[in-house]
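Mind the numbering: the sequence shown is residues -18 to -1, 1 to 423 in mature numbering (1 follows the signal peptide of the UniProt record, and there is no 0), read in order.
In what follows, a structure is listed as structure tokens, so that the remarks can point back to it.
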Amino acid sequence: MELLAVLSALLLGTPLSAHLAGLQSSDIDAQVLGQVSDTPECGVGSEGKKECPLNLCCSKSGKCGTDVSFCSDCQKEWGSCTVAKTPSCGKDSGSASNGRHVAYYQVADARRRACQKVTPKQLNVTGITHLNLAFATFDPSSFQLRPENISDAEVYSDFVGLKSSSLQTWIAVGGWMFSEPGPAHHAWSKMTSSRENRASFIDSAIKFMETNGFQGIDLSWEFPGAWDRGGDSSHDQANFIYLAEELRKAIGTRFGFSIALPSTYGYLRGMDPYALQGQVDWFNTMTYDLHGAWDAENPNLGAKMQPHTDIRDIDKNVQLLWFNRVDPKKVNLGIAYYARGYTMSDKSCHAIGCSFSGPSSKGPCSEFEGYLMNSEIQKIVKDRSLTPEFLKEAMVKQVFWDDQWVAYEDWDTLAMKMEYANDHCLGGTFIWSLDFGGDSG
């Protein structure tokens, strides 16, 4: 329970994917498993007679899904015909609570955040086993690893100086912004497309870690095969597996190696975690950003307020991993140190499912509509003498004021989510992100 106390004290955050839109919610059954179109996506009636990604069930009508309605009357040649068994170890197993506790540090926000800028020396790393610096990138032509910003290298020594016998310091490569439209939009697909290109990246990654003292590498390709993220749906999945195999062969056990996984079907279907798990030490599964103001653009969801870390949505999403036969001990559950927020359409309707008119207002430090750091929420609660409400079924807290509504994490919700991770035999947790653990301005 000591780690939970640490996590609770550090609950201050911002998202890995600052702007997610379209079909990215966790409403699996109605939203992303083929029900937004009448066109068969699997089986004999599909174009090219496709199998379901991730070994999901292919229904008689040619839709991929995870429950009995898809699996009981299925096309067995094109996917599973059995609902995947959920791992069960018990809430007190200690599988996650006594396992890995990974955290990310956003070096870019130390430059650009309006307030609460945090340097590596200000981080409270008590209870953290692995700390990832986010992010480094690579040249889209030469594939040589490099700092995201030239000034980032100035903090590397302080960052790796945090390592100890109980804490490793790693470098995370990629991130959401790296794959935004621009010079690097197709960089991951191009880099992984040939053995020569992959070798250039791997060689430079090893030199980068050796030169700067990093002990491992986390690949955050957001996301393979996704056309909107510059992906190549025909080749990315196989080429990412080649990269993982060749990287592991090159580094052996000298360096650690992890991969960040999306948790939604729309992006996870472009990957094959089962084929990757033999090469990685673990996966950091991004079980957040499952809802937000972008839901208004999705006719299957609409402008209804939803927590972005509702455990009921998370549970649906991690089911995808069990269909894909991923070892739960390889999985770290993502913990968000920030909230997604909304502007309520009706101030008297302030519960999950009520309508919203847009994202919540910008916070003074985060400066983005639609989310607030937990530190900003805590200040609002204190200054306005608000009483947060514990939504136990969702495992979140909600708070509202004026026309604003947010759902977020605190001590109570963290304790419940840790029990969930233990019960599902997960190997650990990870935090996005630790750099909100202090305020230097």
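We put the CB at the ideal spot given by N, CA and C, even for glycine.
Based on Cα-Cα distance, which residue from the options lies nearest to residue i?
i, options, result
"PHE372", "LEU302, LEU127, LEU396 and VAL308", "LEU396"
"PRO102", "TYR86, GLU375 and ALA96", "TYR86"
"GLN288", "VAL107, LEU250, SER79 and ALA333", "ALA333"
"VAL89", "SER79, ALA78, ALA96 and GLU130", "GLU130"
"TYR320", "LEU302, LYS379 and GLY30", "LYS379"
"CYS347", "SER216, ILE132 and ARG93", "ARG93"
"MET173", "GLY213, LYS67, ILE188 and GLU279", "GLY213"
"THR68", "VAL308, SER75, LEU229 and GLY323", "VAL308"
"GLN386", "CYS407, ASP328, TRP393 and ARG211", "ASP328"
"SER171", "LEU38, ASP210 and TYR390", "ASP210"
"GLU204", "PHE239, HIS167, CYS71 and ARG322", "HIS167"
"ARG177", "PHE239, GLU228 and ASP20", "GLU228"
"GLU391", "LYS374, ASP384 and TRP383", "LYS374"
"LEU38", "GLY27, SER28, GLN57 and THR21", "GLN57"
"ILE317", "GLN261, GLU349, GLY260 and MET398", "MET398"
"ASP200", "TYR249, TRP60, VAL107 and ARG230", "ARG230"
"TYR224", "ASN80, CYS97 and GLY260", "GLY260"
"LEU115", "SER124, LEU105 and ASP185", "LEU105"
"ASP218", "GLY234, PRO281, TYR249 and CYS331", "TYR249"
"ARG82", "GLY284, ILE359, ASN306 and GLY238", "GLY238"
"ALA187", "ALA135, ARG128 and GLY44", "ARG128"
"MET326", "SER28, SER79, ALA285 and CYS97", "ALA285"
"SER342", "TRP383, SER240 and ASP74", "TRP383"
"SER124", "VAL107, ASP185, THR291 and SER54", "ASP185"
"ALA135", "PHE190, GLN98 and SER147", "PHE190"
"CYS97", "GLU358, VAL381 and GLY109", "GLU358"
For chain D, find out if any of its Cβ atoms is closer than 8 Å to the Cβ of residue i; answer yes or no.
i, result
"LYS286", "Absence of chain D from the displayed structure is noted, only one protein chain being present."
Let me know the secondary structure DSSP gives residue i once reduced to three states.
i, result
"LEU354", "strand"
"PHE141", "helix"
"LYS45", "coil"
"CYS39", "strand"
"PRO341", "strand"
"ARG93", "helix"
"ALA66", "coil"
"ASP11", "Reliability fails at ASP11, whose pLDDT of 37 lies under 50, so the model's placement of it is uncertain and no value is given."
"ARG366", "helix"
"PRO129", "strand"
"ASN114", "strand"
"GLN17", "Model confidence at GLN17 stands at a pLDDT of 45, short of 50, so the residue's coordinates are unreliable; what they give is reported in the following sentence. In the structure shown, GLN17 sits in coil (DSSP, three-state: anything other than H, G, I, E or B)."
"SER51", "helix"
"THR119", "strand"
"THR108", "coil"
"LYS374", "coil"
"THR411", "strand"
"ALA135", "helix"
"ILE199", "strand"
"ALA389", "strand"
"ALA78", "coil"
"LYS103", "helix"
"GLN360", "helix"
"LYS58", "helix"
"LYS379", "strand"
"ALA154", "strand"
"ALA85", "strand"
"ASP405", "helix"
Could you give the C-beta distance for residue i and residue j, rounded to a whole number, given that I count them as a contact under 8 Å?
i, j, result
"PHE120", "GLN126", "6 Å"
"ASN221", "SER161", "That pair is no contact at about 15 Å."
"THR48", "VAL84", "Their Cβ separation, rounded to whole angstroms, is 27 Å, which puts THR48 and VAL84 out of contact at 8 Å."
"ASP91", "ASP417", "6 Å"
"GLY25", "CYS40", "5 Å"
"residue 429", "PRO122", "A question about residue 429 goes unanswered here, because the residues of the chain that appear run from -18 up to 423."
"GLY156", "SER202", "4 Å"
"ALA376", "ARG294", "6 Å"
"GLY44", "GLY27", "5 Å"
- Where are the beta strand (DSSP E) runs, 3 residues long or more, that stay fully inside the segment 245 to 323, in chain order? Annotation: the segment 245 to 323 contains the following complete segments of the beta strand (DSSP E) (minimum length 3 residues), in chain order: 264 to 268 and 313 to 318.
- Task: Mind the definition here: the segment 304 to 319 touches the segment 388 to 407 only if three or more C-beta pairs lie below 8 Å; say whether that holds.
- Result: They touch, by the three-pair rule.
- Message: When you compare the segment 270 to 284 with the segment 33 to 40, are there three or more beta-carbon pairs, one atom per stretch, that lie closer than 8 Å?
- Response: No, they do not touch.
- Task: Indicate whether the contact test is met: 3 or more Cβ pairs, each with one atom in the segment 406 to 416 and one in the segment 340 to 357, closer than 8 Å.
- Result: Per the Cβ contact rule, the segment 406 to 416 is not in contact with the segment 340 to 357 (fewer than 3 Cβ pairs under 8 Å).
- Message: Closer than 8 Å is the cut-off here; do at least three beta carbon pairs connect the segment 322 to 339 with the segment 247 to 265?
- Response: Output reads no: the segment 247 to 265 does not touch the segment 322 to 339.
- Item | the segment 142 to 156 in contact with the segment 192 to 211 per 3-pair CB rule at 8 Å | Taking 8 Å as the limit for Cβ pairs, the verdict is that the segment 192 to 211 does touch the segment 142 to 156.
- contact_flag[the segment 363 to 370, the segment 295 to 302] where n(CB pairs < 8 Å) is 3 or more: Contact fails: fewer than three Cβ-Cβ distances are below 8 Å.
- Message: Could you check whether the segment 260 to 270 touches the segment 240 to 247, counting it as contact only if at least three pairs of C-beta atoms, one from each stretch, sit closer than 8 Å?
- Response: Contact between the segment 260 to 270 and the segment 240 to 247 is present: three or more C-beta pairs spanning the two stretches fall below 8 Å.
- Query: Which whole runs of the alpha helix (DSSP H) in the segment 159 to 192 are 4 residues long or more, in chain order?
  - Reply: The segment 159 to 192 contains these whole alpha helix (DSSP H) runs: 169 to 174.
- Query: Would the segment 164 to 181 and the segment 127 to 147 be scored as touching if the rule is three or more Cβ pairs under 8 Å?
  - Reply: The segment 164 to 181 is not in contact with the segment 127 to 147.
- Message: Suppose only complete runs of 4+ residues qualify. What are the alpha helix (DSSP H) ranges in the segment 208 to 251, listed by chain order?
- Response: Here the runs fully enclosed are 218 to 233 and 247 to 250.
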